[in-house]
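Working notes for the structure below.
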Amino acid sequence: MRGIFLLVLVLVGFSIYAQNPVRGVSDRFRGIANAGGGADSIGRRNKFEDSVTISYRYLDTARAYRVDSTINDFTVKYPIPADYYHLTNTGAAAQSFLFSPTMKSGWDAGFHAYDIYKFTVDKARFFTVTRPYSEISYLLGTRSEQMIELMHTQNIKPQWNASVHYRMVGAPGIYRNQKTSHNNYAITNWFQTQDRRYTNYVAIIANKLKGSESGGILNDQNYIDNPDFADRSRVNTKLGGESGFGSGIFNTDIATGNTYEDFNAVMRHQYDLGRKDSLVNDSTVIPLFFPRVRLEHTIRYSAYKYLFSDASPRPEYYNEYYDLPGVNSLFRREDFWKELMNDFSIYTFPDEKNTQQFLKLGVALQNLTGTFRDGVSETTDGINYSDDRINKGYNLMGHGEYRNRTKNQRWDLLARGNLYFVGMNAGDYDAAASIQSSFGEKIGSLKLGFENVNRSPSYITNANSSFYYMKDTVNLKKENSTHLYATLYQPLLKLRLTGHYYLVNNYIYYTDFYKINQAPLFNLLQVSAHKTFAFGKKDQFKWITDNYFQQVIGNGPVNVPSWLTRNRIMYEGNLGFNNLKIAMGFDTRYRTNYKANNYSPLLGQFFYQDSTTVKYKLPDIAAFVHFRINSFRAFLRAENLNTFRSLVGVDGKTSYGFTNNNFAAPDYPYAGLIIRFGIFWGFVN
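Take the sequence shown: its position 312, counting from 1, is numbered 312 in my numbering, and each next residue is one higher.
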């Protein structure tokens, strides 16, 4: 069996190598800390003429990052992070096991259950490449789950790059009424004049996220432990009718569920004042420019649409959980926002030869228009909105920032702040400061940080929102959160220790599906440890463990698992083949039992509950084989192996299957066995 497996890998490798995709790229995979999230990256040019140098930066960073090529962590290519749980289907609403309050001041619509599936302006990548480069990725899972991702970037000129990135995630789901269909695209472009004085950045980011909402299953244990319902598509759910499983991922209609759409167009242009110089090298002259003052203008237009729709509502569900009697026809609620932001900033560079040290001051004007729609009926012309409310507002804010990454890269300092002077969110502010130092490989690096945020309640808690279901108006105070953190990394020990301390006052939360509450002061302590153990002559046997410990101090309405652990036990090596890198083993995750948040489908909100303990029967266990040959990567995984068990039916017969499901939240069981196969391929064009 091992010989057949090796033969398949060798044949695939020869086939890939013959097609000339980034030949010799395996020599260029080098580990760099904090670059793209992994310890392995595509980077620099080597002796092969078809190699490529790829780097990118984000809009608000000056540091260059490399494209990640890790194979021991599936979450690099999978949209759901390892510390998140989701409502049992890829693309469904998700939340982290780890407490993390909103640390951003100003206007916020309040819909975040699908955030991990979004492309965002903050994470838009502006590339620099020496040759045109493309990536193709495809993932196929059980029951027609699919993910397609395409990316292309090229430098049109040495100081002009354009890129386009598209991703589609579609998953019909294992249980009823779970279908998800997400589409994201990002277009970026940057240009700099030959004299390096003027730079222009453009980013167009859009997301359309569609997720069916089941409301959870009915009578969970009666179904989960009944061998007659081993086919989970037969299990009845609280919302969405009784339609069975459908495998057509290109049928994106969502009869009952949420549709979240956003569109963002950003242009930033900068003009630098400073000193010109040149570098003479043999017969070539390389122009240089050292900025001392930078003028910057950023304009951003965004549109956000948040829609819940139920074509065939169940009146008893709406009455029981939301106190909405008489809902027996098309039910729709929609909040639609438009945002226009103009930001003017000025930079000064104390050291002309270090552009990563600067002081920035600016002022921004934000204009907002919200349209809120509910109470709809169908007409011959389509949908008629019987209630259409409009609210307009603005914010005037100031901001400042100081950064200094020293030339020797030993110290990295950051201090920043935003203050809302007047407008919808007057009095909001956020301030942050951090210091990081590298003391060499023997000692490692240490980072210390502080954040404080004073923020207005998200607009979904405003009585004007279509998603406000309370009978009375609640008067909420501004929420204030303080965050202290420290990270110690020791490379020789391959150990990272992190601590977080949160102090939260006037914490806003939901209970009972739609009720809004506010809590007094409470604290939360969170500590984590990441460690890699390596064994064998070439350290090819590895145990990578991540552990998180959390404790609420006080009477805060926050339930989190006190311990969360992820462990990857694997072989990672080349099996004697130079162009092969393979990782295979087991990926496990476990958390202690706790009263996990429930979920409100109509609001798209996770909410606090203290009556039901959500237990883990066994750790989540996945077996995997991941490998890379040059620029080709493949991922093969068998997940939820822990759900295997035998059941005795009423007829006395014993059946076997993957039905011993863990639960993510009350009434939301995870799937049984899931097989996933994915490929990732990078090309130099």
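All C-beta atoms in this analysis are idealised placements derived from N, C-alpha and C, irrespective of residue type, glycine included. Predicted, not measured: the structure shown is a model, and the values here were computed from it.
Relative to the C-alpha of residue i, which residue among the options is closest?
| i | options | result |
| --- | --- | --- |
| alanine 432 | Ile443, Leu413 and Phe439 | Leu413 |
| leucine 448 | Ile460, Asn464 and Thr487 | Thr487 |
| glycine 215 | Asp310, Lys208 and Glu145 | Asp310 |
| isoleucine 435 | Tyr485, Asp512 and Tyr198 | Tyr485 |
| phenylalanine 421 | Asn404, Asn395 and Glu401 | Asn395 |
| arginine 633 | Thr643, Gly170, Trp681 and Arg589 | Trp681 |
| aspartate 231 | Asn597, Phe289, Phe191 and Arg143 | Arg143 |
| valine 280 | Leu288, Gly274 and Thr130 | Leu288 |
| isoleucine 460 | Gly499, Arg333, Arg589 and Glu135 | Arg333 |
| valine 169 | Asn189, Gln146 and Ala186 | Gln146 |
| arginine 131 | Asn464, Asn264 and Thr153 | Thr153 |
| phenylalanine 719 | Val625, Thr545 and Ala426 | An answer regarding residue 719 cannot be provided, because it is not within the stretch 1 to 685 covered by the chain. |
| asparagine 367 | Lys338, Tyr502 and Asp430 | Lys338 |
| leucine 340 | Gly370, Gly326, Leu521 and Tyr322 | Gly370 |
| glutamate 135 | Glu213, Ser100, Val52 and Ile205 | Val52 |
| aspartate 195 | Asp388, Ile286 and Gly173 | Ile286 |
| glycine 672 | Leu575, Thr355 and Thr659 | Thr659 |
| threonine 612 | Arg373, Pro666 and Pro601 | Pro666 |
| tyrosine 306 | Asn200, Asn480, Ala519 and Ala113 | Ala113 |
| asparagine 222 | Thr237, Asn567, Tyr594 and Leu365 | Thr237 |
| glycine 141 | Asn640, Tyr402 and Glu451 | Asn640 |
| aspartate 323 | Gly417, Tyr260, Met470 and Leu209 | Met470 |
| isoleucine 156 | Glu149, Ser137, Ala171 and Val129 | Val129 |
| glycine 173 | Thr90, Tyr201, Asp388 and Asn207 | Thr90 |
| tryptophan 107 | Phe522, Lys392, Gly652 and Phe683 | Lys392 |
| arginine 314 | Leu602, Asn207 and Asn342 | Leu602 |
Can you tell me whether DSSP reads residue i as helix, strand or coil?
| i | result |
| --- | --- |
| leucine 330 | coil |
| glutamate 320 | helix |
| asparagine 464 | coil |
| valine 422 | strand |
| aspartate 115 | helix |
| phenylalanine 349 | coil |
| serine 137 | strand |
| phenylalanine 74 | helix |
| threonine 142 | helix |
| phenylalanine 191 | strand |
| aspartate 83 | coil |
| isoleucine 544 | strand |
| asparagine 367 | strand |
| tyrosine 514 | coil |
| aspartate 412 | strand |
| isoleucine 42 | At isoleucine 42 the pLDDT is 44, less than 50, meaning the model places this residue with poor confidence; the figure from the coordinates comes in the next sentence. DSSP places isoleucine 42 in strand when its eight states are reduced to three. |
| tyrosine 670 | coil |
With respect to the beta strand (DSSP E) encompassing residue i, which residues constitute its N-terminal and C-terminal limits?
| i | result |
| --- | --- |
| asparagine 660 | Premise fails: asparagine 660 is in no beta strand (DSSP E) and is neither H nor E. |
| glutamate 261 | 256 to 281 |
| serine 163 | 160 to 171 |
| serine 434 | 429 to 438 |
| serine 445 | 445 to 455 |
| valine 560 | Where valine 560 is concerned, there is no enclosing beta strand (DSSP E), given that its DSSP letter is neither H nor E. |
| tyrosine 198 | 198 to 212 |
| arginine 294 | 284 to 310 |
| glutamate 441 | No beta strand (DSSP E) holds glutamate 441; DSSP gives it neither H nor E. |
| phenylalanine 680 | 674 to 684 |
| threonine 498 | 495 to 505 |
| valine 121 | Here valine 121 belongs to no beta strand (DSSP E), and DSSP marks it neither H nor E. |
| asparagine 354 | Careful: asparagine 354 lies outside any beta strand (DSSP E) and carries neither H nor E. |
| lysine 531 | 522 to 535 |
| phenylalanine 644 | 644 to 648 |
| leucine 239 | From DSSP, leucine 239 is part of no beta strand (DSSP E); its letter is neither H nor E. |
| arginine 57 | 54 to 57 |
| serine 69 | No beta strand (DSSP E) holds serine 69; DSSP gives it neither H nor E. |
| tyrosine 65 | Unbroken run through tyrosine 65: none, as it is neither H nor E. |
Does the ligand ATP have even one heavy atom less than 7 Å from the beta-carbon of residue i?
| i | result |
| --- | --- |
| serine 456 | Judged by which ligands are present, the structure shown has none, so any question about the ligand ATP falls away. |
4 or more residues per run - each alpha helix (DSSP H) lying fully within the stretch 581 to 634: DSSP runs (the alpha helix (DSSP H)) wholly in the stretch 581 to 634: none.
Would the stretch 336 to 350 and the stretch 288 to 300 be scored as touching if the rule is three or more Cβ pairs under 8 Å? yes
Are there three or more Cβ pairs, one per stretch, closer than 8 Å when the stretch 125 to 137 is compared with the stretch 48 to 67? yes
Given 8 Å, three or more beta-carbon pairs between the stretch 611 to 622 and the stretch 574 to 594: yes
Counting beta carbon pairs with one atom in the stretch 67 to 85 and one in the stretch 95 to 115, are three or more of them shorter than 8 Å? yes
If we count Cβ pairs, one from each stretch, closer than 8 Å, do we get three or more for the stretch 63 to 72 versus the stretch 552 to 566? no
Any 3 or more C-beta pairs closer than 8 Å across the stretch 526 to 534 and the stretch 493 to 500: yes
Any contact of the stretch 179 to 187 with the stretch 113 to 123, i.e. 3+ C-beta pairs under 8 Å? yes
When you compare the stretch 185 to 203 with the stretch 159 to 167, are there three or more beta-carbon pairs, one atom per stretch, that lie closer than 8 Å? Note that the stretch 185 to 203 touches the stretch 159 to 167; at least 3 beta-carbon pairs, one per stretch, sit closer than 8 Å.
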